Each structure stands twice: as C-alpha cells, then as structure tokens.
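Novice:
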Amino acid sequence: MFIRLAVVAFFVFAVAFAQDVPSTLAPTNSTTSVTSTTPSTNTTTPLTTTTTTTTTTTTAPTTTKPAPAPAPVPAPPAPQKVEAGTWNVTNANGTQVFRAHFGLRFTIPYKQTNGSFVNGTVVLPTSALATGSDDSLTLFWPTSNMTSGTNTVVMKFVKSTAVNATKEEFHLSTLTATLIVDPARFPAASSVTPFSFSLKPEVAAAFVHAPVDTSYRCYSEQTFASNATGTVDGYLLFKDVQVQPFITAPATGFGAATTCSLDRGLTSDVVPIAVGCALAGLVIVVIAAYIIGRRRSRQNGYTSV
Numbered sequence: 001m002f003i004r005l006a007v008v009a010f011f012v013f014a015v016a017f018a019q020d021v022p023s024t025l026a027p028t029n030s031t032t033s034v035t036s037t038t039p040s041t042n043t044t045t046p047l048t049t050t051t052t053t054t055t056t057t058t059t060a061p062t063t064t065k066p067a068p069a070p071a072p073v074p075a076p077p078a079p080q081k082v083e084a085g086t087w088n089v090t091n092a093n094g095t096q097v098f099r100a101h102f103g104l105r106f107t108i109p110y111k112q113t114n115g116s117f118v119n120g121t122v123v124l125p126t127s128a129l130a131t132g133s134d135d136s137l138t139l140f141w142p143t144s145n146m147t148s149g150t151n152t153v154v155m156k157f158v159k160s161t162a163v164n165a166t167k168e169e170f171h172l173s174t175l176t177a178t179l180i181v182d183p184a185r186f187p188a189a190s191s192v193t194p195f196s197f198s199l200k201p202e203v204a205a206a207f208v209h210a211p212v213d214t215s216y217r218c219y220s221e222q223t224f225a226s227n228a229t230g231t232v233d234g235y236l237l238f239k240d241v242q243v244q245p246f247i248t249a250p251a252t253g254f255g256a257a258t259t260c261s262l263d264r265g266l267t268s269d270v271v272p273i274a275v276g277c278a279l280a281g282l283v284i285v286v287i288a289a290y291i292i293g294r295r296r297s298r299q300n301g302y303t304s305v
C-alpha cells in the first residue's frame, strides 16, 4: 500500500518537474511523420475535333470578248443632177436690173463619225429664192426636213474699164456660199459647223466678165476650187451660165451675149465636124446614085437584047 502511494507520488513529482525544466535544455528531436494524402483528381479533357474545310477555288478562264464592230456608216447619196434655173432682180419700179441663169453644184469633202473622209454634194435648186440689186445676187433655199437652216449663195459684180478698152466692162468680184450640214446630204458628219465657200478675186474676175449692157454666156461646165483661205475646202461646178448685171434698158430677157472661150473652142470644133459630116453624106449620095444608075443601065441592056 505504501509502495503504491510512493510510486504515485514519484510520478506526480516527475511530471511537475518536467514542466518546470527550462527551455535551454537540449531540444528533443521529435519527428512527426505527417502523411498527406492528396486526393487524385481525374480530369477528363474532352477531345477537340477540328474539322478543316478545304476551299476549292476554281478560276474561271479569262475570255476576252472582241470589241463590237462599229456600226456601219451610211455613204453619202449619189450626186444630184445639175439643172439650170433663172432668177431676176427688179428695182422698186418693177424694172429688171439683174438677170441670171445657171446651174451650180457644190462638192464638199467632210469627215464622218468613223474617221473616214467622203464627199458630199449640194445642188442649187431651181426653186431657190432671189434677192439683190443691179450689182449683186443672193440666192437662198431651205435644207431638207432633217434639219433647219438656209443655204445661201452671194454673187457681187463691179464695173471696170480695161486698158485700151472702148467700153466699160463688168466682172464677178466675189462669190461666197454658206451651206448647212444637212444629214440628208452629209450623213454621219462628225461636225455640224456650216461649210463656207469663196473664190479668189482673180479667179472670180476671170470667170465672168463682159461689156456692160451685154450678158456673159458659157454653156460649158467649169469647175473651181474654193480656196480663198489658202486651203481647198470644196469645189463648185457651173454649167449653162448666162449672167447680166447693171441692166439699164427695160428688158425681159438677156442682152447680146459675150461667149466664153470654152464655148468658142467648142464652136470651132463643131463647124469642121459638121462640114466633114456633110461632105461624107454627099459622097455617099453620089456613090449610091452611081450604083443605082449602073443597075438600071444593065437592066435596059438586057431588055433590048
């Protein structure tokens, strides 16, 4: 019993003594084995399925379409027939002071919309209206229904006295014309600017000249270039011309005519030809008469036998 009490007391004492032991005592190595169990996390990564779309590019073949052919351009109409007209100019009293008779055709080279150059023609109509005075004549006429405008021709004359001349003469001093670009005569024209014509003064003077109180006449065709500006911009054809300005005496027709050199040459050729034809005809008549006479003589001889 006593021993048990002693043991208990000793145990209690030892415990108390152990609590009062300073901290400088050698440390007690206590190895605590901590086992940490990390739970195993199973992460299931879903498989990503990438679908690659293959783009197939089909390059269409390049087809170069040929440029469309230009629309055909109409050709100018055939030249009109030239016919001569007659025009009179009277003064305030109704007396004739100017008389003219002629045919006129203009030939004009022009550019079409396709770049080509062709010739268009305009003929002075016999229905053209006239105005003027004793020294000038203005003719005008409308274009076709395809356009508006008026074509005009102006002729002016002057008097002059030539050296050693016994009588005063007249001559053509200027001739001008303005023609509208009429689609009926100038199809597919690239410009609508009117055409202008004029003769050089020396050309005009050489064309028409005669003594005053007479008329100038030339039946032959004559062609002149319009080149007063230095460049040929057209041609004028005259035919069957007879003109008389400065008429003083009352008259209804032309005075005595001064014939142009072309007509005089034509006349000089006609006379020999006519004489030759007459002689040839006479020879044929003589030969025919001779043959007929011979046949009759033979027939008469046979009858007498």
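Quick note, the sequence shown lines up with residues 1 to 305 if you use full-length UniProt numbering.
Every residue, glycine too, gets a C-beta built ideally from N, C-alpha and C.
Computed from a prediction, not measured in an experiment: that's the story for all the values here.
Is it buried or exposed, Gln222, if we count other Cβ atoms within 10 angstroms and call 16 or more buried?
Specialist: So Gln222 ends up on the exposed side.
Novice: In this structure, does DSSP put Thr256 in helix, strand or coil?
Specialist: Looking at the sequence shown, residue 256 is not Thr but Ala. Reduced to three states, the DSSP call for Ala256 is coil.
Novice: Kindly identify the DSSP beta-bridge partner or partners of Phe186.
Specialist: In the DSSP output, where bridge partners are listed per residue, Phe186 has none listed.
Novice: Please classify Ser215 as buried or exposed, where buried requires at least 16 other C-beta atoms within 10 Å of its C-beta.
Specialist: Result: buried.
Novice: Please state the DSSP three-state secondary structure of Glu169.
Specialist: Strand, per DSSP.
Novice: Between the Cα of Phe197 and those of Gly234, Asn88, Gly276, spot the shortest distance and give me the residue it belongs to.
Specialist: Cα-wise, what sits closest to Phe197 is Gly234.
Novice: Note down, in chain order, each residue of its chain lying with its Cβ closer than 6 Å to the Cβ of Gly195, except the 5 sequence neighbours on either side.
Specialist: Note that residue 195 is Phe in the sequence shown, not Gly. If we look at Phe195 and ignore the five residues flanking it on each side, its Cβ neighbours are Ile108, Leu179.
Novice: Which residue from Ser127, Lys239, Met155, Asn119 puts its Cα closest to that of Gly181?
Specialist: For the record, residue 181 in the displayed sequence is Val; it is not Gly. Cα-wise, what sits closest to Val181 is Asn119.
Novice: Just to confirm, is the Cβ distance from residue 317 to Leu175 under 8 Å?
Specialist: With the chain covering only 1 through 305, there is no way to say anything about residue 317.
Novice: Answer yes if the stretch 84-97 comes into contact with the stretch 119-130, meaning at least three C-beta pairs across the two stretches below 8 Å, and no otherwise.
Specialist: Contact holds: three or more Cβ-Cβ distances are below 8 Å.
Novice: Can you tell me where the alpha helix (DSSP H) with Ala206 in it begins and where it stops?
Specialist: Run containing Ala206: 201-207, per the alpha helix (DSSP H) assignment.
Novice: Taking three-plus beta-carbon pairs below 8 Å as touching, is the stretch 274-291 in contact with the stretch 240-258?
Specialist: No, they do not touch.
Novice: Taking all protein chains shown into account, decide if Met155 is buried (16 or more other Cβ within 10 angstroms of its Cβ) or exposed.
Specialist: Looking at its Cβ environment, which holds 16 or more other Cβ atoms inside 10 Å, Met155 is buried.
Novice: Does the beta-carbon of Lys65, which I'm using as the reference point, lie nearer than 7 Å to any heavy atom of the ligand ADP?
Specialist: Among the components of this structure there are no ligands whatsoever, and the ligand ADP is therefore not found.
Novice: By Cβ distance below 6 Å, which residues in the same chain neighbour Tyr110 in space, the five residues on each side in sequence not counted?
Specialist: Closer than 6 Å at Cβ, skipping near neighbours: Gly120, Phe186, Ala189.
Novice: With respect to the beta strand (DSSP E) encompassing residue 324, which residues constitute its N-terminal and C-terminal limits?
Specialist: The requested residue 324 is not part of the displayed model; the chain covers only 1 to 305.
Novice: Straight-line CA distance for Asp263 to Val241?
Specialist: Rounded to the nearest angstrom, the two C-alpha atoms are 11 Å apart.
Novice: What does the alpha-carbon distance come out to for the pair Leu237 and Ala92?
Specialist: The straight-line gap from Cα to Cα measures roughly 33 Å.
Novice: Does the distance from the C-beta atom of Leu139 to that of Val153 stay below 8 Å?
Specialist: Their beta carbons are under 8 Å apart, which means Leu139 touches Val153 by this criterion.
Novice: Please report the straight-line C-alpha distance between Val286 and Val97, rounded to a whole angstrom.
Specialist: The alpha-carbon atoms of Val286 and Val97 are separated by roughly 55 Å.
Novice: In whole angstroms, give me the CA-to-CA distance for residue 308 and Phe157.
Specialist: Any question about residue 308 goes unanswered here, given that the chain covers just 1 to 305.
Novice: In whole angstroms, give me the CA-to-CA distance for Lys159 and Glu169.
Specialist: Lys159 and Glu169: Cα-Cα distance of roughly 6 Å.
Novice: From the DSSP output, in three-state form, read off Tyr219 for me.
Specialist: It is coil, neither helix nor strand.
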